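*Asks:* Chains as they are written, first to last, in this note's numbering: chain A, 6 to 173; chain B, 10 to 740.
All C-beta atoms in this analysis are idealised placements derived from N, C-alpha and C, irrespective of residue type, glycine included.
No experiment lies behind these values; they were computed from the predicted model shown.
Can you keep this structure in mind? I'll have questions shortly.
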Ligand code: SF4
């Protein structure tokens with residue numbers, strides 16, 4: 006991570022309509038709390054000292070998933086130039102959780118903010134070779150222009166927030 | 010084409026202009042402008058395009074090997090690869106896999122190509138398109154009109170009416186937001202209940218067996234996640250060597266298509282994936298997922314062996330060529346025809362996968378303007394593919410010789426060529442005759458009875474004014490007059506290329522060019538070189554174009570051999586020298602001519618940069634000018650020279666930014682396309698009749714642009730070189 010990448014990441018996120026909040030492991034819970042609209046679902050977070058609060062349902066049924074207002078997952082890395090987060094979906098359910106809720110909260114370690122696509126593809130390729138089944142480069146909320154005007158939130162979330170863990 | 014067919018075609022186009030034109034125009038222009046903005050932000054746009062092209066060239070070259078590699082990789086992951094020969098083969102396999110279950114699909118043109126929905130439905134399966142645009146088309150029972158935004162031709166109101174009619178909801182959705190929510194909910198149920206998810210693949214990586222899917226809605230992700238069988242359908246050409254190779258495409262594809270820096274989702278799946286799937290109530294482990302990659306040949310391997318069509322396989326189906334096409338902008342994909350694909354590159358695809366008949370009709374809508382060439386992220390020469398397919402279609406026809414036209418058109422192409430094509434393809438001969446018999450020929454051509462014969466037999470629209478031939482050609486005028494600059498004392502010695510229009514019709518711009526060059530101390534010669542081959546080429550008459558090119562080269566060879574520059578007035582002819590001659594002349598000749606030829610205003614710019622005296626030319630004195638460059642001139646990046654020279658000379662220049670003037674050349678004369686040509690031209694006319702431009706002197710570089718502007722404006726336009734001619738007002 007460089008301070009420059011982080012600054013670029015923040016401004017790119019802003020351009021694609023994504024709010025970015027910075028926090029640390031210690032401040033995580035209090036940072037997350039106001040971002041959660043009930044009902045919230047989540048997938049376990051892989052960061053030391055960071056976990057999902059009780060109020061977040063980490064084992065939702067199909068119906069609970071579809072009814073969720075907020076979905077919290079980790080994102081493997083960020084891409085500063087584009088304001089993208091890479092969602093690495095696996096058995097823990099990152100993919101459905103990040104996709105079905107109205108709002109997706111993606112938690113990214115500051116260390117994992119990469120400057121550009123070149124760097125991102127080096128990581129992606131290594132991950133795929135090591136068995137990552139899916140990596141979604143997600144940039145902003147889902148969107149469509151098919152119904153005559155741009156609408157945010159087509160099949161996927163209409164809102165995305167990035168929580169940046171600074172002490173990583 | 011018979012008069013009746015022409016009439017029907019004209020009617021069809023008029024109808025589309027009325028019903029779909031506005032929606033298509035609005036959308037494609039937003040995409041197109043977005044593309045200019047988004048690609049301008051890239052520091053290394055050209056490098057990325059070169060990289061993308063190189064990856065595709067290499068991949069297609071090594072395709073059989075890569076197909077083996079990807080098969081191994083997918084099988085090692087636990088999936089299956091099926092290599093389908095054609096549509097029927099693919100459908101048979103997919104039908105077996107789906108086995109009557111419910112399938113949800115994300116958008117895939119390849120699956121449209123094989124019409125898999127019909128096959129599955131015939132087998133009793135339910136199939137739902139989940140891409141919102143495809144869903145609209147599915148319930149409207151219509152074909153896509155655009156490869157990226159298939160329902161681009163439908164307005165919000167039409168979609169609202171359609172939903173109301175089909176679903177009869179209590180509270181009918183109206184706004185774009187409501188319509189989206191409604192469709193999302195309706196399709197959400199289908200996705201939850203489906204057993205099979207079908208997707209396409211924008212790219213398939215051979216090394217890891219991964220699929221890259223470029224989407225914005227998120228439906229492809231849902232189709233894969235919610236179901237436990239995934240069938241991905243892709244043309245074999247989608248295979249690229251490695252995951253790293255995706256990078257330039259990821260940066261280019263969204264920008265090129267819809268003008269987004271990147272789409273919301275670029276999904277890289279390496280199936281079968283372990284993401285949880287939907288059980289009846291709970292999320293269940295995705296470990297048991299079944300994955301089938303169906304790689305479809307359907308003519309592609311033959312395209313690969315075809316030196317002319319091979320490039321089509323580099324296409325990443327981004328739609329930039331369609332969005333930047335003025336004709337497409339005005340009338341959309343349904344006018345372009347074809348069974349599946351539409352727009353510029355569709356000719357190559359249709360000819361390759363469905364055969365030439367499918368390509369024949371809409372291939373006509375490409376005028377060869379070349380605006381798409383620089384917009385294509387993999388640098389495909391789309392106009393050339395159109396020309397080649399046109400040539401093949403011409404040759405495929407039985408020769409029904411009409412000896413009268415045959416006599417008038419001593420060309421190299423076989424007798425089967427359509428008479429109308431033949432007429433326009435032999436413009437040189439026509440112009441020579443027209444000039445020899447002028448003004449009588451002009452009078453005859455303009456008279457009512459002759460016009461209606463022309464319209465009936467050759468489809469020359471009687472609403473379009475015909476060119477008026479000059480009695481004295483430019484070459485003759487110059488031969489009489491001689492050069493006015495002593496060759497030994499001259500700053501430069503050049504040959505001015507007399508294109509057929511300048512030579513016989515618009516001689517005034519040729520004379521102006523001679524005088525302007527001479528004022529700058531240049532010794533000019535005007536050799537009697539014939540038509541460049543542009544006219545036959547645009548009718549797909551490649552053999553005739555080649556013999557024209559050889560003739561032109563012979564006439565210009567002495568100048569080129571003496572290392573003199575060739576100055577060209579007509580941009581479409583300069584483009585011939587710089588682009589198409591590569592395919593028509595021996596390499597050495599092509600390179601020599603290319604290296605020595607310049608557009609006239611570019612040349613003037615160069616002279617001034619190298620010390621020629623601007624003061625020798627009349628000053629603009631703040632004269633307000635509205636300038637329309639020319640398609641091919643812009644593709645070659647030559648527009649800035651004209652504006653710079655005019656600026657320096659003291660003119661106040663406003664420029665147009667429409668893609669094209671509406672092609673009043675052979676295209677606009679054809680009765681089947683006249684209405685479209687005028688409709689496209691109006692966009693330019695509108696830019697030159699605003700408060701800011703209405704009183705400006707109009708100048709345009711290309712002949713067809715001049716003709717079009719002449720027809721649509723009350724001011725008479727001229728070539729910009731005439732602004733620099735001291736005798737401008739005393740013709
Ligand atoms: S030909 Fe080029 S511009 Fe056209 S769709 Fe294919 S890749 Fe895009």
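Which same chain residues end up closer than 8 Å to residue 527(B) when comparing Cβ atoms and leaving out the 5 residues on each side of it in sequence?
*Replies:* Cβ neighbours of residue 527(B) beyond the five flanking positions: 492, 493, 494, 533.
*Asks:* Could you tell me the distance, in whole angstroms, from the CA atom of residue 562(B) to the CA atom of residue 588(B)?
*Replies:* The straight-line gap from Cα to Cα measures roughly 14 Å.
*Asks:* Could you work out which residues of chain A lie near residue 284(B), taking near to mean beta carbons separated by less than 8 Å?
*Replies:* Going along chain A in sequence order, the residues near residue 284(B) (Cβ under 8 Å) are 94, 95, 96, 98, 99, 100, 101, 138, 139.
*Asks:* Should residue 328(B) be counted as a contact of the ligand SF4 given a C-beta to heavy atom distance under 6 Å?
*Replies:* Yes, since a heavy atom of the ligand SF4 falls inside the 6 Å radius drawn around the Cβ of residue 328(B).
*Asks:* Cutting at 7 Å between CB atoms, please list the residues of its own chain near residue 95(A), excluding the five before and the five after it.
*Replies:* Cβ neighbours of residue 95(A) beyond the five flanking positions: 138.
*Asks:* Kindly confirm or deny that the region 159 to 169 of chain A and the region 286 to 299 of chain B touch, where touching means at least three C-beta pairs closer than 8 Å.
*Replies:* The region 159 to 169 of chain A vs the region 286 to 299 of chain B: no contact.
*Asks:* Quick check on residue 533(B): does DSSP put it in helix, strand or coil?
*Replies:* Correct three-state label for residue 533(B): strand.
*Asks:* With 16 as the cutoff for other CB atoms within 10 Å, does residue 408(B) come out buried or exposed?
*Replies:* Low local confidence applies: a pLDDT of 39 at residue 408(B) is under 50, so the model's placement there is unreliable, with the coordinate-based value given in what follows. That one is exposed.
*Asks:* Please list the segments of the alpha helix (DSSP H) lying wholly inside the region 685 to 725 of chain B, counting only runs of 4 or more residues, in order along the chain.
*Replies:* Runs found: 712 to 721.
*Asks:* Assign residue 599(B) to one of three DSSP states: helix, strand, or coil.
*Replies:* It is helical.
*Asks:* Give a yes or no on whether the minimum CB-CB distance between residue 18(A) and chain B is below 7 Å.
*Replies:* Answer no: the Cβ-Cβ gap between residue 18(A) and chain B never drops below 7 Å.
*Asks:* Less than 7 Å between the C-beta atoms of residue 61(A) and residue 287(B), yes or no?
*Replies:* No; because the gap between Cβ atoms is not below 7 Å, this pair is not in contact.
*Asks:* Just by C-beta distance, which residues in the region 250 to 278 of chain B are closer than 8 Å to chain A?
*Replies:* The region 250 to 278 of chain B vs chain A, Cβ under 8 Å: 251, 252, 253, 255, 256, 259, 260, 267, 270, 271, 272, 273, 274, 275, 276, 277, 278.
*Asks:* Can you list, in chain order, the residues of its chain with a C-beta nearer than 6 Å to that of residue 301(B)? Leave out the 5 residues immediately preceding and following it.
*Replies:* Excluding positions up to five away in sequence, the list reads 89, 106, 240.
*Asks:* Among 651(B), 693(B), 642(B), 689(B), whose alpha-carbon lies nearest the alpha-carbon of residue 666(B)?
*Replies:* That would be 693(B), whose Cα lies nearest to the Cα of residue 666(B).
*Asks:* Using a 10 Å radius around the Cβ and a threshold of 16 neighbouring Cβ atoms, would you call residue 76(A) buried or exposed?
*Replies:* Result: buried.
*Asks:* Using a Cβ cut-off of 9 Å, pull out every chain A residue sitting near residue 217(B), in sequence order please.
*Replies:* Chain A residues near residue 217(B): 130, 133, 134.
*Asks:* Counting only Cβ-Cβ distances shorter than 7 Å, please list the residues of the region 301 to 315 of chain B near chain A, keeping chain order.
*Replies:* Listed in sequence order: no entries.
*Asks:* Three-state secondary structure (DSSP) at residue 140(A)?
*Replies:* Residue 140(A): strand per DSSP, three-state reduction.
*Asks:* Of all Cβ atoms in chain B, is any one closer than 7 Å to the Cβ of residue 109(A)?
*Replies:* By this cut-off, residue 109(A) is not an interface position.
*Asks:* Counting only runs of 4+ residues fully inside the region 53 to 140 of chain A, write out the alpha helix (DSSP H) ranges in chain order.
*Replies:* DSSP runs (the alpha helix (DSSP H)) wholly in the region 53 to 140 of chain A: 67 to 72, 99 to 105, 122 to 134.
*Asks:* Using a Cβ-Cβ cut-off of 7 Å (strictly less than) and excluding sequence neighbours within five positions of residue 467(B), which residues of its own chain qualify?
*Replies:* Closer than 7 Å at Cβ, skipping near neighbours: 428, 429, 432.
*Asks:* Taking the alpha helix (DSSP H) that residue 27(A) belongs to, which residues open and close that run?
*Replies:* No alpha helix (DSSP H) contains residue 27(A), which is instead part of the beta strand (DSSP E) from 24 to 28.
*Asks:* Give me the DSSP bridge partner(s) of residue 241(B).
*Replies:* Answer is 208(B), 302(B).
*Asks:* Can we say the region 141 to 153 of chain A touches the region 115 to 127 of chain B, given the rule of at least three CB pairs closer than 8 Å?
*Replies:* No, the region 141 to 153 of chain A does not touch the region 115 to 127 of chain B.
*Asks:* Taking only runs of the beta strand (DSSP E) that begin and end inside the region 528 to 578 of chain B, which ones reach a length of at least 3 residues, in chain order?
*Replies:* Whole beta strand (DSSP E) segments, 3+ residues: 531 to 534, 574 to 577.
*Asks:* Would you say residue 228(B) lies against chain A (beta-carbon separation less than 7 Å)?
*Replies:* Chain A, which has a Cβ nearer than 7 Å to the Cβ of residue 228(B), makes this yes.
*Asks:* Would residue 117(A) pass as an interface residue toward chain D - the criterion being a Cβ-Cβ separation below 7 Å?
*Replies:* Although the question refers to chain D, the structure presented lacks it and instead comprises the protein chains A and B.
*Asks:* Helix, strand or coil: how does DSSP classify residue 13(B) here?
*Replies:* The answer is helix: DSSP assigns residue 13(B) an H, G or I state.
*Asks:* Taking 7 Å as the threshold (beta carbon to beta carbon), is residue 10(A) in contact with chain B?
*Replies:* Taking Cβ atoms only, chain B never reaches closer than 7 Å to residue 10(A), which makes this a no.
*Asks:* Between 152(B), 401(B), 635(B), which lies nearest to residue 701(B) when the distance is taken from Cα to Cα?
*Replies:* Nearest C-alpha to residue 701(B): 635(B).
*Asks:* What I want to know is whether the C-beta of residue 324(B) ends up closer than 6 Å to one or more non-hydrogen atoms of the ligand SF4.
*Replies:* Yes, the beta carbon of residue 324(B) sits closer than 6 Å to at least one heavy atom of the ligand SF4.
*Asks:* Checking contacts by CB at 7 Å: is residue 287(B) closer than that to chain A?
*Replies:* By this cut-off, residue 287(B) is an interface position.
*Asks:* Let me know the secondary structure DSSP gives residue 65(B) once reduced to three states.
*Replies:* Helix at residue 65(B).
*Asks:* Starting from residue 165(A), trace the beta strand (DSSP E) both ways and give me its first and last residue.
*Replies:* Element bounds for residue 165(A): 164 to 170.
*Asks:* Less than 7 Å between CB atoms is the rule here; does residue 78(B) satisfy it with respect to chain A?
*Replies:* No - not a single Cβ of chain A is within 7 Å of the one on residue 78(B).
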